[in-house]
Amino acid sequence: MGTDDLWWVKSSRSGSAENMCVEVARSGYRGILARDSKRPSGPRLCFGARAWEDFLGSAPGAGVSHCTPN
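When we follow this note's numbering, the leftmost residue of the sequence shown carries the number -2, and every step to the right adds one.
Here it is, written out as structure tokens:
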């Protein structure tokens, strides 16, 4: 499965500035992938499940606490 086949989601809090969002997708053995919505075919960051949980836990004031794909 390529990254184009994944279900990419972004926060419902992204508002009308839809060109300034981070999208995330769950990717089986790779964990969580993140990308810039302006460049969907650009580079992606890959997080293991634990690293993603740590990231979300460290940034609740930044509005990313509910940014986990299904």
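Just so you know, even glycine gets a beta-carbon here, dropped at the ideal spot from N, CA and C. Computed from a prediction, not measured in an experiment: that's the story for all the values here.
Query: Local Cβ density within 10 Å of R47, reported as buried at 16 or more and exposed below that; Result: exposed
Query: Neighbourhood of G45 by C-beta distance below 7 Å, restricted to the same chain and skipping five residues each side; Result: G28
Query: For A22 and V6, the rounded distance between their alpha carbons; Result: 6 Å
Query: Where W4 falls, given that 16 or more other Cβ within 10 Å makes a residue buried; Result: exposed
Query: Minimum C-alpha distance to G25 - residue among D33, C43, K35, S38; Result: C43
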